[in-house]
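A.B. asks: Just so you know, this note's numbering puts 353 at position 288 of the sequence shown, and the rest follows in order with no gaps.
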Amino acid sequence: MGREGKTKNQKRARAAAQQRAQDQFASVPHSFVFHRGRVGRSLQQLILDVRRVMEPFTASTLQVRKKNSLKDFVAVAGPLGVTHFLVFTKSPTNVNFKLIRLPGGPTLTFRVTQYSLIKDVVSSLKRHRMHEQQFTHHPLLVLNNFGLQQMHIKLMATMFQNMFPSINVHKVNLNAIKRCLLISYNADTQLLDFRHYSLKVVPVGASKGLKKLLQEKFPNMSRLEDISELLAKDINLSESEAEQDGTHNILELPQAYAGRGNMKAQQSAVRLTEIGPRMTLQLIKVEEGLSQGNVLYHSFVLKTEEQLRVALARREERLWLKAERCRRQEADVQRKKEQQEAHRKQSLAGIKRKQQQQGQDSDSGAEDPGMPEDQDPASHSDDDAEYYRQEVGEEPDQDLFPKSAKRKHGPQCSPQPSKRLRTSQPGGQPASPQLGRASRKAKHRRASGQLGISQRPGQQKDPRSPKAHRQPRGARSPKPKGPTQQGTKRGLRVPGSKFKGPGKPGLRRKQAARGKGVLQRPRAPKKGRH
């Protein structure tokens with residue numbers, strides 16, 4: 066019982082944890098990083114690197130096709146909970162980057178003046194720290210110099226903050242912070258620096274030798290006389306391990322952090338290692354909606370109030386025309402639906418009416434199982450006897466139909482003969498089959514004489530048969546004007562004859578005897594008979 070209860074509690078706790086994880090995952094912002102139009106290979110790699118920065122709340126393996134439009138991404142963004150689009154485009158002169166907030170905007174357009182890929186940044190470092198566990202949690206966003214009172218500056222800060230989950234400083238787990246994203250704004254040049262760092266925390270207040278021991282890296286102690294020299298002095302250390310910590314990165318940890326020596330309420334130093342990518346951005350304009358609204362801010366174009374008023378009126382007219390088209394389309398759709406419904410009802414009514422007519426016809430042609438009262442039983446019995454005669458061809462027995470002892474013949478009902486009688490001679494005797502055959506032969510002779518077909522005496526043929534048109538046996542066919550022999554695939558062929566190829570020897574002899582003029586191949590002499 067105890068084990069079963071424990072298993073049930075574990076299943077319940079696991080299900081509750083999964084539900085909390087799903088709720089938390091759905092509540093945080095998600096993003097799509099993709100490109101529009103043709104881009105180069107390096108820009109495609111930059112898109113993959115930016116996806117790496119936005120992990121784990123982004124589509125890392127998003128597939129983009131040429132035929133996909135922005136509406137396709139918007140259509141799938143709602144069910145998936147996507148809140149931001151990061152779109153890269155390329156023109157002949159520069160690279161643009163659009164940051165879009167879903168579902169209603171705004172849209173920020175930046176120009177990418179410079180960028181470096183992850184592989185370029187990592188290759189320039191002597192020691193880099195980048196592993197897969199760093200990308201299981203979202204990065205810590207740090208905004209620098211965004212406290213200006215200008216409208217577009219505040220809007221940029223709000224957009225960048227909403228791209229990542231919010232952090233509660235009192236409940237945050239420090240071990241979940243492995244990366245840092247720094248976005249710094251320069252008011253003089255109006256450029257933004259985009260930097261991505263890996264975060265590491267190391268204890269301070271100990272000698273370098275002691276740090277080596279804590280990290281399980283044993284230094285070379287061949288020159289030391291005592292172990293105390295390793296703890297008291299910094300010797301046998303490489304120049305790359307020079308101390309870089311100071312007051313700018315040393316703090317007291319509120320929690321125990323991963324790593325040896327990082328204890329709670331102890332001094333530790335936070336070290337940042339850049340892992341890329343790196344971008345330099347310049348804000349171009351801010352628009353309402355999804356890249357189709359009014360321009361709220363433009364860094365190069367300044368419009369007067371009159372121009373803004375005209376542009377607003379033009380936009381309102383365009384929106385009104387769009388609403389009018391939508392209303393007209395809805396009216397057309399409703400009208401077509403009504404027409405289809407009326408046509409369907411009319412078709413159903415016609416089908417029902419046709420079925421009723423067919424039912425009435427079948428009822429009128431059906432036999433009445435009962436006998437009418439005014440009908441005589443004798444006449445009914447006569448009908449049965451007549452039906453029996455037509456079907457069987459014999460007279461029914463008297464016991465079978467007692468009401469009709471004999472068949473009554475009248476002027477109105479003259480029976481049809483059941484069988485066809487042969488023609489008889491004038492004397493009343495039937496014609497013999499021999500005379501019938503002779504008369505048929507005479508008839509055929511007369512027909513053949515009319516057709517102009519000559520027959521030999523004593524020979525009778527049917528003009529309808531194909532044999533009537535053949536030449537008599539022994540007659541010679543006219544010689545052809547051309548060559549008398551024609552080569553075929555299987556042998557020689559004589560024109561005017563139906564014999565093709567060598568055939569059988571017996572058949573050739575018979576045809577030669579009949580005078581058909583068949584040419585035979587000369588036989589090869591047998592071996593040994595010369």
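Every residue gets a Cβ at the ideal spot worked out from N, C-alpha and C, and that includes glycine.
DSSP three-state label for F211, please.
C.D. replies: Coil.
A.B. asks: Any idea if K243 is buried or exposed, counting beta-carbon neighbours within 10 angstroms, 16 or more meaning buried?
C.D. replies: Buried, by the Cβ-count rule.
A.B. asks: Which residues share a DSSP beta bridge with M344?
C.D. replies: BP columns for M344 point to Y180, F259.
A.B. asks: Apart from the five residues on each side of it in sequence, which residues of its chain come closer than 7 Å, Cβ to Cβ, to V269?
C.D. replies: For V269, where only same-chain residues beyond five positions count, the Cβ hits under 7 Å are D310, I315, Q332, S333, A334.
A.B. asks: Leaving out five residues before and five after A470 in sequence, what residues of the same chain have Cβ atoms less than 7 Å from its Cβ?
C.D. replies: Low per-residue confidence applies at A470: pLDDT is 47, beneath 50, and the placement is therefore not dependable, though the value from the model is reported in the following sentence. Cβ neighbours of A470 beyond the five flanking positions: Q463.
A.B. asks: Compute the beta-carbon to beta-carbon distance between S181 and P342, rounded to the nearest angstrom, for a pair I have assumed lies under 8 Å.
C.D. replies: With 8 Å as the limit, S181 and P342 qualify as a contact, their Cβ atoms being about 6 Å apart.
A.B. asks: Let me know the secondary structure DSSP gives Q332 once reduced to three states.
C.D. replies: Strand.
A.B. asks: Express the C-alpha separation of R392 and R617 in angstroms, rounding to a whole number.
C.D. replies: Given a span of 66 to 595 for the chain in the structure shown, any question on residue 617 remains unanswerable.
A.B. asks: Rank D449, S96, Y453, Q214 by C-alpha distance to the C-alpha of V141 and give the top, closest one.
C.D. replies: Answer by Cα proximity: S96.
A.B. asks: So, V177 versus L346, is the Cβ gap smaller than 8 Å?
C.D. replies: Going by C-beta atoms, V177 is nearer than 8 Å to L346.
A.B. asks: Look up S305 in the DSSP assignment and say whether it is helix, strand or coil.
C.D. replies: Its pLDDT being 39, under 50, S305 is placed unreliably by the model, and nothing is read from it.
A.B. asks: In the DSSP output, which residue or residues are listed as bridge partners for N161?
C.D. replies: Paired residue(s): T154, R176.
A.B. asks: Got a sec, what are the start and stop residues for the beta strand (DSSP E) L246 sits in?
C.D. replies: That run of the beta strand (DSSP E) goes 244-251.
A.B. asks: Run the CB neighbour count on Y452, radius 10 Å, all protein chains shown included, and call it buried at 16 or more, exposed below.
C.D. replies: Classification for Y452: exposed.
A.B. asks: Determine, using beta-carbon pairs with one atom in the region 246-256 and one in the region 200-209, whether at least three such pairs fall under 8 Å.
C.D. replies: Touching, yes.
A.B. asks: For K350, which of helix, strand or coil comes out of DSSP?
C.D. replies: K350: strand per DSSP, three-state reduction.
A.B. asks: Please state whether the Cβ-Cβ distance between K155 and L108 is less than 8 Å.
C.D. replies: Yes.
A.B. asks: Exposed or buried, which one is A450 when buried takes at least 16 other CB atoms within 10 Å?
C.D. replies: Buried is the call here.
A.B. asks: Cα-Cα, which of N227, Y362, H363 is closest to V147?
C.D. replies: Ranking N227, Y362, H363 by Cα distance to V147 puts N227 first.
A.B. asks: State the Cα-Cα distance for the pair T223 and E403, rounded to the nearest angstrom.
C.D. replies: Approximately 50 Å, taken between the alpha carbons.
A.B. asks: Between which two residues does the beta strand (DSSP E) carrying I315 extend?
C.D. replies: Counting along the chain, the beta strand (DSSP E) containing I315 begins and ends at 315-317.
A.B. asks: Applying the criterion that 16 or more other CB atoms from any shown protein chain within 10 Å of the CB defines a buried residue, is M119 buried or exposed?
C.D. replies: Buried: at least 16 other Cβ atoms inside 10 Å.
A.B. asks: Under 8 Å: do the region 321-331 and the region 252-270 share three or more Cβ pairs, one atom per stretch?
C.D. replies: Because the criterion of three Cβ pairs below 8 Å is met, the region 321-331 and the region 252-270 touch.
A.B. asks: What is the DSSP secondary structure of E339, counted as helix, strand or coil?
C.D. replies: E339: strand per DSSP, three-state reduction.
A.B. asks: Just curious, the beta strand (DSSP E) that L361 is in, first and last residue?
C.D. replies: Unbroken beta strand (DSSP E) run through L361: 360-363.
A.B. asks: Hey, T72 and S356: beta-carbon distance below 8 Å or not?
C.D. replies: Not closer than 8 Å, so no.
A.B. asks: Taking all protein chains shown into account, do 16 or more other C-beta atoms lie within 10 angstroms of the C-beta of I518, making it buried, or fewer, making it exposed?
C.D. replies: Residue placement at I518 cannot be trusted, given a pLDDT of 48 that sits under 50; the coordinates are not used to answer.
A.B. asks: I need the DSSP call for V234, collapsed to helix, strand or coil.
C.D. replies: Note: V234 maps to coil in three-state DSSP.
A.B. asks: What does S125 pair with, by DSSP beta-bridge criteria?
C.D. replies: DSSP output for S125 lists no bridge partner at all.
A.B. asks: Assign H261 to one of two classes, buried (16 or more other C-beta atoms within 10 Å of its C-beta) or exposed (fewer than that).
C.D. replies: Counting Cβ neighbours within 10 Å, H261 comes out buried, since at least 16 surround it.
A.B. asks: Who pairs with K265 in a beta bridge, going by DSSP?
C.D. replies: Partner(s): R336.
A.B. asks: Thinking C-beta only, is R116 closer than 8 Å to V139?
C.D. replies: Taking 8 Å as the Cβ cut-off, V139 and R116 do not qualify as a contacting pair.
A.B. asks: Which same chain residues end up closer than 6 Å to F229 when comparing Cβ atoms and leaving out the 5 residues on each side of it in sequence?
C.D. replies: Closer than 6 Å at Cβ, skipping near neighbours: H203, L206.
A.B. asks: Note down the Cα distance separating I165 from F150, rounded to an integer number of angstroms.
C.D. replies: Between I165 and F150, the C-alpha separation is close to 5 Å.
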